[in-house]
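**Student:** Sending over a structure as structure tokens; questions will come in a sec.
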Amino acid sequence: MSDRPQDPWREGPQGKGESDVGGAGVGSAAGDREVDWQARERTVQLEMMDRWVQGVVTEQRRSRRWKLFFRFLFALLFIASIATSVTLFTLGSQPAALPGEQHLGVVRVKGVIEADGEANAERIIKGLRKAWASPASVAVVLDINSPGGSPVQSQRVYDELMRLREQGDKPVIAVIEDLGASGAYYMAAGAGEIIAAPSSLVGSIGVISSSFGLKGPLEKLDIERRVFTAGDNKAFLDPFSDISPDQRAFWQNVLATTHQQFIAAVKTGRGERLKDNPELFSGLIWTGEQARRLGLVDRTGTLEELAAELTPEAELHDYTPRQDPFERFTRRFAGVMASAMGLETTVSPVSYRLPW
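First residue of the sequence shown? That's 1373 in my numbering, and the numbers climb one at a time after it.
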């Protein structure tokens, strides 16, 4: 006798025979098994769904944590860079702390001379004026180690050196370390005295403009170069286009004119100290000792020897303005992006520099 209450859906209608009752019992058992299987299947599906939801939530939480971490790290780096930039800018903009002893006021020219680089005229001239204004500096010294660069930047520094030199209050001296070539020598020529080490490389009084002609390889690769200009000669320096004899002659005249400006500046700065040598303005480069014999430098020596000669304690003080690292990064990044996008940059196609 079963204690389970009667269920009309399982027991069947009243008044049926035994065979009907037996058949209904078998059908009821099969139905129970089907219901149990469906219930288990739904339970498994719900468990799988719950695990999936938990996994998604966990992954989102983990992703959110990493996002917060990287945002915090970026904010920390940004704040640190701003703080460093402000500190260095403040230190660089303040008047140089003057030691009690007399010293050489040194301004350094390192690397390629260009408007967007570290060796730019604005920065160098600012340092020269600070060194000149210091009552403790016994001489203004331009410490050079550069292959040259922009004609305009070089000329601006040359003009400033000539201006200070003409005032005559203190010596204006250029000291060449490893390299003082082309535009770097243009600058040095404005100083009243030039000193170089015996093995320094000095000279290269010339002008260079270099490029490539790539039209042939493009034609072989069936690549068409599309340049739209207004003006027949607007794109004559394009390396992917032909250059006519007239255009070549025109550009050569530009280089020759720039070269003559360079020569005139050197002659004005050096005067009668230059020797009469036909190779002097040919673009050749000499050692410091050879340059001394040609009149390009006054004597051989080093910055330390000069300091020992002019100051009791051989004191040197660097007046080169500190460069804001954030600004330097921004300039370099902008230059790289401009080059990658094919945009024009501030680099002149004409240069007073060595071709390496």
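A virtual CB, placed ideally from N, CA and C, is assigned to each residue, including glycine.
Beta-carbon separation of R1642 and A1511 under 8 Å?
**Tutor:** Contact: no.
**Student:** What's the gap between the Cα of S1623 and the Cα of I1657?
**Tutor:** A small fix is needed here, since residue 1623 is Trp in this sequence, not Ser. Approximately 24 Å between the Cα atoms of the pair.
**Student:** Counting C-beta neighbours from all protein chains within 10 Å, is the total for D1614 16 or more, i.e. buried, or is it exposed?
**Tutor:** Classification of D1614: exposed, given that the 10 Å Cβ count is below 16.
**Student:** So, for I1566: in the same chain, excluding its five sequence neighbours on each side, which residues have a beta-carbon less than 6 Å away from its beta-carbon?
**Tutor:** For I1566, where only same-chain residues beyond five positions count, the Cβ hits under 6 Å are A1546, A1560, V1669 and D1670.
**Student:** Give the DSSP bridge partners of V1479, in chain order.
**Tutor:** Answer by DSSP bridge pairing, in chain order: L1514.
**Student:** From the DSSP output, read off the bridge partner residues of I1567.
**Tutor:** Note: I1567 sits in a beta bridge opposite V1547 and R1671.
**Student:** Mind reading off the beta-carbon distance from D1564 to S1526? Whole number of angstroms is fine, and I expect it under 8 Å.
**Tutor:** Rather than Asp, the amino acid found at residue 1564 in this sequence is Gly. About 18 Å separates the two Cβ atoms, so there is no contact after all.
**Student:** Give me the DSSP bridge partner(s) of L1688.
**Tutor:** Beta-bridge pairing links L1688 to L1476.
**Student:** Residues in its own chain within less than 7 Å of E1486 by CB, not counting five upstream and five downstream?
**Tutor:** Result list for E1486: N1492, G1521, S1522, Q1525 and V1719, in chain order.
**Student:** Within this structure, are the beta carbons of L1514 and V1479 separated by less than 8 Å?
**Tutor:** Yes, the Cβ-Cβ distance between L1514 and V1479 is below 8 Å.
**Student:** From D1541, Q1474 and M1534, pick the residue whose C-alpha is nearest to that of A1508; which is it?
**Tutor:** Minimum Cα distance to A1508 is reached at Q1474.
**Student:** What number of angstroms, rounded off, separates the C-alpha of T1672 from the C-alpha of F1450?
**Tutor:** Going from the Cα of T1672 to the Cα of F1450 covers about 47 Å.
**Student:** Got a sec? Which residues, its chain only, sit under 8 Å from A1663 by beta carbon, not counting five neighbours each side?
**Tutor:** So the list reads A1568, S1572, V1574, G1575 and V1669, once near-sequence residues are dropped.
**Student:** With 8 Å as the threshold, decide whether the Cβ of F1450 is near any Cβ in chain C.
**Tutor:** No chain C is present in this structure, which holds just one protein chain.
**Student:** Under three-state DSSP, which class holds A1553?
**Tutor:** Of the three classes helix, strand and coil, the one that applies to A1553 here is strand, per DSSP.
**Student:** In the DSSP assignment, find the beta strand (DSSP E) that holds G1540 and state where it starts and stops.
**Tutor:** Counting along the chain, G1540 falls outside any beta strand (DSSP E), and DSSP gives it neither H nor E.
**Student:** Whole-angstrom Cβ separation of G1477 and H1689, contact assumed at under 8 Å?
**Tutor:** About 6 Å; that satisfies the 8 Å criterion.
**Student:** Which class does S1581 belong to by DSSP, given the choice of helix, strand or coil?
**Tutor:** Three-state result, S1581: coil.
**Student:** According to DSSP, is S1509 part of a helix, a strand, or is it coil?
**Tutor:** In this structure, S1509 counts as strand in the three-state DSSP scheme.
**Student:** Nearest-angstrom Cα distance between H1631 and G1578?
**Tutor:** Roughly 6 Å between the two C-alpha positions.
**Student:** Between T1640 and L1593, what straight-line distance do the alpha-carbon atoms span, to the nearest angstrom?
**Tutor:** Taking the straight line from one Cα to the other gives about 52 Å.
**Student:** Just grab the DSSP bridge partners of T1629 for me.
**Tutor:** Partner(s): none; T1629 has no beta bridge.
**Student:** Does the Cβ-Cβ distance between I1497 and R1528 come in under 8 Å?
**Tutor:** Going by C-beta atoms, I1497 is nearer than 8 Å to R1528.
**Student:** Leaving aside the five residues before and after S1616 along the sequence, list all residues of the same chain whose C-beta is less than 8 Å from its C-beta, in chain order.
**Tutor:** Counting only Cβ-Cβ distances below 8 Å, and skipping sequence neighbours, we find F1608.
**Student:** Could you pull out every residue in the same chain whose Cβ sits closer than 8 Å to the Cβ of Q1619, ignoring the five residues on either side in sequence?
**Tutor:** The answer, listed in chain order, is N1605 and F1608.
**Student:** Are the CB atoms of T1659 and P1570 nearer to each other than 8 Å?
**Tutor:** Contact: yes.
**Student:** What number of angstroms, rounded off, separates the C-alpha of R1434 from the C-alpha of Q1426?
**Tutor:** When rounded, the distance between both Cα atoms is 12 Å.
**Student:** Taking P1693 and R1495 to be in contact with their CB atoms under 8 Å, please state how far apart those CB atoms are, rounded to whole angstroms.
**Tutor:** Sure, about 5 Å apart at Cβ, within 8 Å.
**Student:** Assuming Y1517 and K1482 form a contact by the criterion Cβ under 8 Å, report the distance between their Cβ atoms to the nearest whole angstrom.
**Tutor:** It should be pointed out that residue 1517 corresponds to Asn in this sequence rather than to Tyr. Confirmed, about 5 Å.
**Student:** On the DSSP letters alone, give me the boundaries of the beta strand (DSSP E) that G1660 sits inside.
**Tutor:** First-last for G1660: G1660 to L1666, but that is the alpha helix (DSSP H), not the beta strand (DSSP E).
**Student:** Where does A1345 fall in DSSP's three states?
**Tutor:** Absent from the model: residue 1345. The displayed extent of the chain is 1373 to 1728, so no value can be given.
**Student:** In its own chain, which residues sit with a C-beta less than 8 Å from the C-beta of W1438, not counting the 5 before and 5 after it?
**Tutor:** Same-chain partners within the cutoff: there are none.
**Student:** Thinking C-beta only, is S1581 closer than 8 Å to L1627?
**Tutor:** Taking 8 Å as the Cβ cut-off, L1627 and S1581 qualify as a contacting pair.
**Student:** Mapping the DSSP letters down to three states, classify L1573 as helix, strand or coil.
**Tutor:** Note: L1573 maps to strand in three-state DSSP.
**Student:** Since F1634 contacts Y1558 with CB under 8 Å, what's their CB separation in whole angstroms?
**Tutor:** So it is a contact: roughly 6 Å between Cβ atoms.
**Student:** Please report how far the alpha carbon of A1637 lies from the alpha carbon of P1611, in whole angstroms.
**Tutor:** For A1637 and P1611, the distance between alpha carbons rounds to 32 Å.
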